[in-house]
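Residue 13 in this note's numbering sits at position 13 of the sequence shown; the count goes up by one each step and never skips. Here is the structure we will look at.
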Amino acid sequence: MSKQDIAGAEKTLDPADWGEARVLAHRMVDDAFDHNKT
């Protein structure tokens, strides 16, 4: 990829796979709850 291609590329924080991101987010929340439960 050339510098021009990189400069012209759309910048986004959106994940490439929304389904995978959703699964990871749920796992992160579950882990946080498990860590904080008494």
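The beta carbon of each residue, even a glycine, is placed where N, CA and C say it ideally should be.
Residue range of the unbroken alpha helix (DSSP H) whose run includes E20: Residue numbering aside, residue 20 sits at position 20 when the sequence shown is read from its first letter. 18-36 is the extent of the alpha helix (DSSP H) around E20.
Sequence-distant residues of its chain with Cβ nearer than 6 angstroms to W18 (five each side left out): For this step, residue 18 is matched to residue 18 along the sequence shown. No residues qualify anywhere along the chain.
Cα-Cα separation, T12 to N36: Counted from its first residue, the sequence shown places residue 12 at position 12. Counted from its first residue, the sequence shown places residue 36 at position 36. Approximately 32 angstroms between the Cα atoms of the pair.
Cα-Cα separation, D30 to E10: Within the sequence shown, the letter at position 30 stands for residue 30. Within the sequence shown, the letter at position 10 stands for residue 10. Answer to the nearest angstrom: the Cα atoms are 33 angstroms apart.
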